[in-house]
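*Asks:* The C-terminal residue of the sequence shown carries number 460 in the working numbering, and the numbering is unbroken.
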Amino acid sequence: MSEKKLPLSPDEMAKLAYSKETPFHLYDEKGIRENARAFNKAFSWIHEFKNYYAVKACPNPAILQIMKEEGFGADCSSYPELLLAQKVGITGEDIMFTSNDTPSSEFIAAKKMNAVINLDDITHIETLYKSAGMPELISFRYNPGPERTGNAIIGNPIEAKYGVRTDQLVECYVKAKALGATRFALHTMVASNELDGSYIVETARMLFTQALRIYEETGIIIEFVNLGGGIGIPYRPSEQAMDFDMVSSGIKNIYEEMIKGTALDPLRIVFECGRMASGPFGYLVSKVLHVTSKYKEYVGLDASMANLMRPALYGSYHHITVVNKEDEEADHLYDVTGSLCENNDKFAIDRALPEVEIGDVVVIHDTGAHGHSMGFNYNSKLRSAEYLLKEDKSVQLIRRAETIDDLFATLNY
Ligand SMILES: *Cc1c(COP(=O)(O)O)cnc(C)c1O
């Protein structure tokens, strides 16, 4: 069980919602910091442990600054994400550049920044070499294909567009070495929103196996393995957060069994988690515009799937709190909707809530990853503001809401 709490008292939350234009995303700095510290502590036995925060989860410099202060690097997937990392002083090998279908211009930019370039494809060795030259340190993204089963969000590895096949892997390192690379890393990303810690432990075993195989076949020493992201969060109250200590000790056992005392020891182990680092600490704050009855009962919010696409895109559950009604019985079944001309613009279907009234403040939980960042402008909706709830409880605007002028700025008329 995970308790779905708000970072403010109900009265404070209601007051905040009424002092700002809603909807907005609110991020809880204290929660982010405490979680990052717990994560680093759990894995502190690992030589130069690092989580590269996946910038796409919440690409806001104020959030990246906090991640940096907690010792995280940045995992970037595009040139603008590289620039965001650079803006807060995350530089060089504290950046992993993990992209796919990558334009040459982005390889050039990543190389110039001395970011760790993580190639998604065997053909990208040529592309990178010809456009930017081979960097000293190169990483490859491994796709195990039929050897692993994926999970719902990321899908089955053999269907995935990502990574190099098992039979291509050794060739990749040999080629990169021939073109001048002298340092090597191995990456994978086979899980998304996974709550079962043993899956992460098995991913470590998989990468250790490949790193040893690469060494045996070529003498090439993998300097670090990147287990990717994919640590899930308990979106549902019935779910349990992943136990970092359990995952850590599971990985440690396998490390001691497989790597300790070999040429690869000390092998660095890193992650590039985004969701678990910011997801649970974001809240979409909205107000109720309409309550009505059709063939079902509806609550219409001033937020829409343009602010949070996950329920519409993946059928994801996001917990909903009706502020100041936490103790009332959830004896009404509602579809909670936004205003887009899309019938899947629903935050929840058949959700049991207390009786909702116009003007109620409704908070949608766990929007700190792939919330605002997945937002869009369909129906000419303006993207909302983002606020940071600081440790001293003050609230800082870290991204203003879009205006109509912003929306029209790219038009030629
Ligand atoms: C999205 C992504 C991540 C982060 O995944 P989370 O589920 O947010 O931890 C890490 N690496 C790559 C390559 C990704 O695409």
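Even for Gly, the Cβ is constructed at its ideal location relative to N, Cα and C.
1. Say whether the stretch 317-337 touches the stretch 409-416, bearing in mind that this needs 3 or more beta-carbon pairs closer than 8 Å, one atom from each stretch.
2. Let's see if you can read the secondary structure: which residues bound the alpha helix (DSSP H) around Ile-367?
3. Return the CA-CA distance between Leu-184 and Thr-138, expressed in angstroms with no decimal places.
4. Using the C-alpha atoms, what's the distance from Ala-132 back to Val-346?
5. Leaving aside the five residues before and after Gly-297 along the sequence, list all residues of the same chain whose C-beta is less than 6 Å from its C-beta, in chain order.
6. If you compare alpha carbons, which of Asn-203, Arg-84, His-337, Ala-179 is closest to Phe-291?
7. Is it the case that the Cβ atoms of Ala-456 and Arg-446 are separated by a distance below 8 Å?
8. Measure how close the beta-carbons of Val-102 and Glu-81 come, nearest whole angstrom, since I'm counting them as under 8 Å.
9. Which partner residues of His-72 appear in the DSSP bridge assignment?
10. What's the C-alpha gap between Gln-112 and Glu-344?
11. For His-171, does the three-state DSSP call read helix, strand or coil?
12. List the endpoints of the continuous alpha helix (DSSP H) containing Gly-297.
13. With which residues is Arg-283 paired in a DSSP beta bridge?
14. Which runs of the beta strand (DSSP E) fall wholly inside the stretch 87-147 and span at least 3 residues, in chain order?
15. Please classify Val-221: does DSSP put it in a helix, a strand, or coil?
16. What residues are listed by DSSP as bridge partners for Asn-461?
17. Return yes when at least one heavy atom of ligand 1 lies under 7 Å from the C-beta of Glu-319, else no.
18. For Ser-340, name the three-state secondary structure that DSSP assigns.
19. Please work out which residues of its chain come closer than 7 Å, Cβ to Cβ, to Ser-125, disregarding the five sequence neighbours upstream and downstream, and give them in chain order.
20. Going by the C-beta, is Thr-309 closer than 7 Å to any heavy atom of ligand 1?
21. Who are the near neighbours of Ala-359 in its chain, counting only those whose CB is closer than 8 Å to its CB and skipping five residues on each side?
22. Would you check whether ligand 1 has a heavy atom nearer than 7 Å to the C-beta of Asp-141?
23. Between Ala-132 and ligand 1, is there a pair consisting of the residue's CB and a ligand heavy atom that are separated by less than 7 Å?
24. Using CA atoms only, rank isn't needed, just tell me which of Ala-223, Gly-422, Pro-191, Ser-239 is closest to His-72.
25. Rounded to a whole number of angstroms, what is the C-alpha to C-alpha distance between Asp-453 and Asn-161?
26. What is the DSSP secondary structure of Asp-397, counted as helix, strand or coil?
27. Please identify the residue among Gly-362, Leu-331, Gln-287, Ser-333 whose C-alpha is closest to the C-alpha of Met-48.
28. Is Thr-145 close to ligand 2? I mean its beta-carbon at under 7 Å from any heavy atom of the ligand.
29. Taking the DSSP output, what are the residues bridged to Tyr-381?
30. Return helix, strand or coil for Gly-406, following the three-state DSSP convention.
31. Below 8 Å on the Cβ atoms is my contact criterion, and I expect Asn-203 with Arg-322 to pass it. Report the Cβ-Cβ distance as a whole number of Å.
32. What do you reckon, is the C-beta of Ala-228 under 7 Å from a heavy atom of ligand 1?
33. What does Gln-443 pair with, by DSSP beta-bridge criteria?
34. Can you tell me whether Lys-103 sits near ligand 1, meaning its C-beta is under 7 Å from at least one heavy atom of the ligand?
35. Name the two residues that bound the continuous alpha helix (DSSP H) containing Ser-66.
36. Count the other CB atoms within 10 Å of the CB of Ile-306; is the residue buried (16 or more) or exposed (fewer)?
*Replies:* So, from the listed chains and residues:
1. yes
2. Taking the first residue of the sequence shown as position 1, residue 367 is located at position 320. Looking at the DSSP string, Ile-367 is not in any alpha helix (DSSP H); the run it does join, the beta strand (DSSP E), is 367-369.
3. Taking the sequence shown and counting its residues from 1, one reaches residue 184 at position 137. Taking the sequence shown and counting its residues from 1, one reaches residue 138 at position 91. Cα to Cα, the separation comes out at about 15 Å.
4. Taking the sequence shown and counting its residues from 1, the one referred to as residue 346 is at position 299. Taking the sequence shown and counting its residues from 1, the one referred to as residue 132 is at position 85. Approximately 39 Å, taken between the alpha carbons.
5. Position 250 of the sequence shown, counted from the first residue, corresponds to residue 297. If we look at Gly-297 and ignore the five residues flanking it on each side, its Cβ neighbours are Val-248.
6. As a working mapping, residue 291 is identified with position 244 in the sequence shown. That would be Arg-84, whose Cα lies nearest to the Cα of Phe-291.
7. Sequence index remark: in the sequence shown, residue 456 carries index 409 (1-based). Sequence index remark: in the sequence shown, residue 446 carries index 399 (1-based). Cβ atoms of Ala-456 and Arg-446: not closer than 8 Å.
8. Stepping through the sequence shown from its first residue, residue 102 is reached at position 55. Stepping through the sequence shown from its first residue, residue 81 is reached at position 34. Going by Cβ atoms, the distance from Val-102 to Glu-81 rounds to 21 Å, so no, they are not a contact pair.
9. Translated into positions along the sequence shown, residue 72 becomes position 25. Answer is Leu-331, Glu-433, bridged to His-72.
10. As a first step, residue 112 must be located in the sequence shown, where it is residue number 65. As a first step, residue 344 must be located in the sequence shown, where it is residue number 297. Near 43 Å, if we compare the C-alpha coordinates of Glu-344 and Gln-112.
11. Here residue 171 refers to the residue found at position 124 when the sequence shown is read from its first residue. Three-state DSSP puts His-171 in a helix.
12. One-based indexing of the sequence shown puts residue 297 at position 250. First-last of the alpha helix (DSSP H) with Gly-297: 291-305.
13. Numbered from 1 along the sequence shown, position 236 holds the residue referred to as residue 283. Note: Arg-283 sits in no beta bridge, so no partner.
14. 97-101, 120-123, 142-145
15. On the sequence shown, position 174 is the one that residue 221 refers to. In this structure, Val-221 counts as helix in the three-state DSSP scheme.
16. Only positions 48 to 460 of the chain appear in this structure, which leaves residue 461 out of reach.
17. If you number the sequence shown from 1, residue 319 lands on position 272. Yes - ligand 1 has a heavy atom lying nearer than 7 Å to the Cβ of Glu-319.
18. Locating residue 340 in the sequence shown gives position 293, where the first residue counts as 1. Residue state, collapsed to three classes: strand.
19. The count along the sequence shown starts at 1 and reaches residue 125 at position 78. So the qualifying residues of the chain are Ser-146, Glu-153.
20. Within the sequence shown, residue 309 is the residue found at index 262, counting from 1. Answer for Thr-309: no, Cβ out of range of ligand 1.
21. Position 312 of the sequence shown, counting from 1, holds the residue named residue 359. Closer than 8 Å at the Cβ level, and outside the excluded window around Ala-359, lie Met-352, Glu-389, Asn-391, Asp-392, Lys-393.
22. Looking up residue 141 in the sequence shown gives position 94. Incorrect: Asp-141 has no Cβ contact closer than 7 Å to ligand 1.
23. Position 85 of the sequence shown, counted from the start, is the residue given in the question as residue 132. For ligand 1, not one heavy atom lies less than 7 Å from the Cβ of Ala-132.
24. Walking along the sequence shown from the start, residue 72 turns up at place 25. Cα-wise, what sits closest to His-72 is Gly-422.
25. As a position in the sequence shown, residue 453 is number 406, starting the count at 1. As a position in the sequence shown, residue 161 is number 114, starting the count at 1. Each residue's alpha carbon lies about 33 Å from the other.
26. Along the sequence shown, one-based indexing puts residue 397 at 350. DSSP places Asp-397 in strand when its eight states are reduced to three.
27. On the sequence shown, residue 48 is found 1 positions in, with the first residue counted as 1. Comparing Cα positions, the closest option is Gln-287.
28. Because ligand 2 does not appear in the structure shown, any question about it cannot be addressed here, the ligands present being ligand 1.
29. As a first step, residue 381 is located in the sequence shown; it is residue number 334 there, counting from the start. The partner list for Tyr-381 (beta bridge, DSSP) reads Arg-398.
30. Within the sequence shown, the letter at position 359 stands for residue 406. Gly-406 falls in the coil class under three-state DSSP.
31. For the purposes of this step, residue 203 is identified with residue 156 of the sequence shown, where counting begins at 1. For the purposes of this step, residue 322 is identified with residue 275 of the sequence shown, where counting begins at 1. With a Cβ gap of about 20 Å, Asn-203 and Arg-322 do not count as contacting.
32. If you number the sequence shown from 1, residue 228 lands on position 181. Checking the Cβ of Ala-228 against ligand 1 gives no.
33. Here residue 443 corresponds to residue number 396 of the sequence shown, with the count starting at 1. In DSSP, Gln-443 forms a bridge with Leu-435.
34. The count along the sequence shown starts at 1 and reaches residue 103 at position 56. Yes - ligand 1 has a heavy atom lying nearer than 7 Å to the Cβ of Lys-103.
35. Position 19 of the sequence shown, counted from the first residue, corresponds to residue 66. Element bounds for Ser-66: 57-66.
36. Within the sequence shown, the letter at position 259 stands for residue 306. Looking at its Cβ environment, which holds 16 or more other Cβ atoms inside 10 Å, Ile-306 is buried.
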